[in-house]
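Colleague:
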Amino acid sequence: MYDYIIVGSGLYGAVFAYEMKKRGKKCLVLEKREHIGGNIYTEEIEGINVHKYGAHIFHTSNKKTWDYINQFADFNHFINSPLANYQGELYNLPFNMNTFYKMWGKATPDEVAAIIAEQRKEIKGAPQNLEEQAISLVGRDVYEKLIKGYTQKQWGRPCDTLPAFIIRRLPVRYTYDNNYFSDRYQGIPGGGYTKMMSKMLDGIDVKLGTDYLENREKWRQKGRKIVYTGAIDAYFDYCFGALAYRSVRFETEILEKSNYQGNAVVNYTDIQVPYTRVIEHKHFEFGTQPNTVISREYSEEWQLGMEPYYPVNDAENEAIFSKYKTLANQTPSIIFGGRLADYKYYDMDKVIELALKHVADETN
Ligand code: FAD
Ligand code: UDP
């Protein structure tokens with residue numbers, strides 16, 4: 002008999018299992034994929050750790066979370082500084098003095114602020130959608146070249162129909178600072194995320210290729226409590242309908258050259274280019290291998306059966322989610338956790354903090 006049957010070997014499941022094992026509890030992790038790690042899984046190709054489900058950069062401002070994750074890996078000093086390619090012109094991201102200098106040839110914060118102030122005049126009142134929010138933050142020129150096409154590709158909808166908060170995730174800086182994140186701590190685990198996750202799950206029983214929902218009764222009899230990190234709508238048999246997601250298709254290619262684009266992440270912000278960005282995986286770990294591996298990312302509308310990536314947190318889906326959440330609250334014998342069960346975009350640090358909180362709730 003196990004104390005916990007943990008459904009999903011992603012970061013939430015791994016932290017929960019590690020902590021419970023440390024407290025002397027017996028855990029079994031069920032994973033429907035053929036590998037551990039959930040979406041942070043990396044696979045070695047040509048000696049390079051390839052981020053199979055999208056580029057993952059660990060960043061946090063919470064020292065405790067940073068120290069926690071550093072138990073399991075030696076993090077390097079990688080800083081995410083993506084480039085934006087608009088019709089062959091290169092701009093630094095996030096939006097900062099390097100971007101503005103390239104756009105307008107103005108070198109001082111005062112000159113840049115004056116241009117943006119002039120351009121934002123077209124927005125009257127509080128921004129009502131992503132387009133208005135973007136223009137009011139960085140002006141129309143930056144919006145047209147670096148935001149409009151990229152956002153429309155990523156979300157499959159025009160910018161004036163999207164919520165303003167999506168673009169507020171990105172910093173706007175009047176300094177020459179290309180760090181995409183404002184968090185205090187940042188890096189990539191040496192040897193890849195899969196190695197890190199193996200360390201977390203060391204000594205814990207894991208069953209791969211096993212979908213909990215196909216055999217719920219069997220697993221319930223094997224454990225005192227279930228921890229579920231899969232999709233919440235699937236758990237309740239889609240009784241209120243399926244929650245919408247955006248999906249991503251990755252086209253991964255090995256190239257017989259040592260350096261393809263000179264940077265880990267290059268965004269293609271023109272609508273005419275069908276992919277949103279190109280990841281060159283070796284640069285996350287400053288690789289010097291003779292060959293290189295790149296992934297082109299194509300954003301797609303999600304359909305049942307596809308891999309869910311980004312929750313579409315619009316009013317309609319939030320309303321459906323809250324019905325599922327009510328059902329989940331009425332099922333106290335199951336712990337629901339992680340990005341799929343909460344239908345939420347969580348960064349990795351937030352997932353760790355959530356799992357640690359649930360462990361504390363269980364043991365206090
Ligand atoms: P998951 O990793 O999805 O794990 C859930 C696991 O449960 C999966 O392995 C799944 O196969 C399994 N499962 C589901 N249902 C069942 C079932 N019925 N039976 C058995 N197993 C099941 N965060 C950052 O901090 N930095 C980044 O740079 C970053 N980049 C991202 C890029 C992309 C494209 C995306 C989509 C996310 C990114 N994130 C990033 C977020 C990060 O991926 C998540 O925080 C993290 O992976 C969530 O872990 P999780 O355990 O909640 O979910
Ligand atoms: N964005 C953009 N141009 C870029 C990068 C981002 O317009 O070159 C916008 C886009 O709307 C995106 C949002 O900023 O949805 C948030 O970007 P982020 O990099 O956080 O997206 P994610 O990492 O989730 O793919």
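Its first residue numbered 2, the sequence shown is counted upward by one per residue in this note's numbering. Even glycine gets a Cβ: it sits at the ideal position worked out from N, Cα and C.
#1: In chain order, what residues of the same chain have a beta carbon less than 8 Å from the beta carbon of V294, not counting five sequence neighbours either side?
#2: Rank T43, Y325, L84 by C-alpha distance to the C-alpha of C240 and give the top, closest one.
#3: Please state the DSSP three-state secondary structure of E281.
#4: For E133 and I124, what's the separation of their Cα atoms in angstroms?
#5: Under 8 Å by Cβ, that's how I've got G9 and E35 pegged, so tell me the actual separation to the nearest angstrom.
#6: Which one of A165, R169, T195, Y194 has the shortest CA to CA distance from S374?
#7: Under a criterion of Cβ closer than 6 Å to any non-hydrogen atom of ligand 2, which residues qualify, in chain order?
#8: Are H384 and G188 closer than 9 Å when you measure CB to CB?
#9: For R221, does the three-state DSSP call read helix, strand or coil?
#10: Can you have a look at E90 and say buried or exposed, based on whether 16 or more other CB atoms are within 10 angstroms of its CB?
#11: Determine the closest residue to L171 out of R297, M198, E308, L131, with distance taken between C-alpha atoms.
#12: Assess contact between the stretch 215-235 and the stretch 289-303, defined as three or more Cβ pairs (one per stretch) separated by less than 8 Å. Is contact present?
#13: Mind checking if R340 is an interface residue toward chain D, Cβ cutoff 9 Å exclusive?
#14: Using 8 Å for Cβ pairs, my map puts L214 next to V30. What's the rounded Cβ distance?
#15: Looking only at its chain, what residues have a beta carbon closer than 8 Å to the beta carbon of Q290, apart from the 5 residues adjacent to it on each side?
#16: Could you check if V173 belongs to the surroundings of ligand 1, using beta carbon to heavy atom distance under 8 Å?
#17: Where does E252 fall in DSSP's three states?
#18: Per DSSP, which residues does L29 bridge with? Please list them.
#19: Out of Y344, T270, V228, A165, which one is the CA nearest neighbour of A127?
#20: Going by DSSP, what residues sit across from L147 in a beta bridge?
#21: Would you identify the three-state DSSP class for T327, choosing helix, strand or coil?
#22: Leaving out five residues on either side along the sequence, give the residues of the same chain with a beta carbon under 6 Å from the beta carbon of V313.
#23: Is it true that the CB of Y229 sits closer than 9 Å to the CB of Y356?
#24: According to DSSP, what are the bridge partners of Y310?
#25: So what does DSSP say about L131, is it helix, strand or coil?
#26: So, at 6 Å on beta carbons, what are the nonlocal neighbours of L209 in its own chain, with the 5 sequence-adjacent residues on each side left out?
#27: Under 8 Å: do the stretch 145-155 and the stretch 267-274 share three or more Cβ pairs, one atom per stretch?
#28: Please name the residue, chosen from S137, D178, I37, Q129, that lies closest to A118 on a Cα-to-Cα basis.
#29: Distance, Cα to Cα, G191 vs R141?
#30: Measure from the alpha carbon of Y175 to the alpha carbon of each residue in N97, D212, G242, then state which is nearest.
#31: Compare the Cα-Cα distances from A320 to each of Q120, Y19, G242 and report the closest residue.
Modeller: Working from what's here:
#1: As a position in the sequence shown, residue 294 is number 293, starting the count at 1. Around V294: I46, E47, I49, V51, T253, E254, I255, L256, E281, H282, K283.
#2: Taking the first residue of the sequence shown as position 1, residue 240 is located at position 239. Taking only the C-alpha atoms, the option nearest C240 is Y325.
#3: Position 280 of the sequence shown, counted from the first residue, corresponds to residue 281. DSSP places E281 in strand when its eight states are reduced to three.
#4: As a position in the sequence shown, residue 133 is number 132, starting the count at 1. As a position in the sequence shown, residue 124 is number 123, starting the count at 1. Each residue's alpha carbon lies about 6 Å from the other.
#5: Sequence index remark: in the sequence shown, residue 9 carries index 8 (1-based). Sequence index remark: in the sequence shown, residue 35 carries index 34 (1-based). About 14 Å; that fails the 8 Å criterion.
#6: A query on residue 374 cannot be resolved here, the shown segment of the chain reaching from 2 to 365 and no further.
#7: Going down the chain, each residue whose beta-carbon is closer than 6 Å to a heavy atom of ligand 2 shows up: A85, L94, L147, I148, Y151, T152, Q155, I167, I168, R170, L171, N268, T270.
#8: An answer regarding residue 384 cannot be provided, because it is not within the stretch 2 to 365 covered by the chain.
#9: Position 220 of the sequence shown holds residue 221. Note: R221 maps to helix in three-state DSSP.
#10: Position 89 of the sequence shown, counted from the first residue, corresponds to residue 90. Around the beta-carbon of E90, fewer than 16 other beta-carbon atoms lie within 10 Å, marking it exposed.
#11: Taking the sequence shown and counting its residues from 1, one reaches residue 171 at position 170. Ranking R297, M198, E308, L131 by CA distance to the CA of L171 puts L131 first.
#12: Between the stretch 215-235 and the stretch 289-303, the count of C-beta pairs closer than 8 Å stays below three; the two stretches do not touch.
#13: Absent from the structure is chain D; it holds one protein chain and no more.
#14: Within the sequence shown, the letter at position 213 stands for residue 214. Within the sequence shown, the letter at position 29 stands for residue 30. Actually they do not touch by this definition, with Cβ atoms about 15 Å apart.
#15: Locating residue 290 in the sequence shown gives position 289, counting from the first residue. Only E47, G48, I49, S259, K283 meet the Cβ criterion.
#16: Reading the sequence shown from its first residue, position 172 is the one you call residue 173. Not under cutoff, so the answer is no.
#17: Taking the first residue of the sequence shown as 1, we reach residue 252 at position 251. Strand at E252.
#18: What you label residue 29 is simply residue 28 of the sequence shown in a count that begins at 1. I6, D206.
#19: Counted from its first residue, the sequence shown places residue 127 at position 126. Checked all of Y344, T270, V228, A165; the closest Cα to A127 is A165.
#20: Along the sequence shown, one-based indexing puts residue 147 at 146. Under DSSP, L147 takes part in no beta bridge, so it has no partner.
#21: Sequence index remark: in the sequence shown, residue 327 carries index 326 (1-based). Assigned with DSSP and collapsed to three states, T327 falls in helix.
#22: Walking along the sequence shown from the start, residue 313 turns up at place 312. Here V313 has A245 as same chain residues with Cβ atoms under 6 Å from its own Cβ, once five neighbours each way along the sequence are excluded.
#23: By one-based count along the sequence shown, residue 356 stands at place 355. By one-based count along the sequence shown, residue 229 stands at place 228. Checking the displayed sequence, the identity of residue 356 turns out to be Ala instead of Tyr. No, these two residues do not count as a Cβ contact at 9 Å.
#24: For the purposes of this step, residue 310 is identified with residue 309 of the sequence shown, where counting begins at 1. According to DSSP, which records beta bridges pairwise, Y310 is partnered with nothing at all.
#25: Numbered from 1 along the sequence shown, position 130 holds the residue referred to as residue 131. Note: L131 maps to helix in three-state DSSP.
#26: On the sequence shown, position 208 is the one that residue 209 refers to. Counting only Cβ-Cβ distances below 6 Å, and skipping sequence neighbours, we find E32, E35.
#27: Yes, the stretch 145-155 touches the stretch 267-274.
#28: Residue 118 sits at position 117 when you count from the first residue of the sequence shown. Selected option, being the one with the closest Cα: S137.
#29: Translated into the one-based positions of the sequence shown, residue 191 becomes position 190. Translated into the one-based positions of the sequence shown, residue 141 becomes position 140. Within the model, the alpha-carbon separation for G191 versus R141 is close to 40 Å.
#30: By one-based count along the sequence shown, residue 175 stands at place 174. Residue N97 is the option with its Cα nearest to Y175.
#31: Counted from its first residue, the sequence shown places residue 320 at position 319. In terms of CA proximity to A320, G242 leads the group Q120, Y19, G242.
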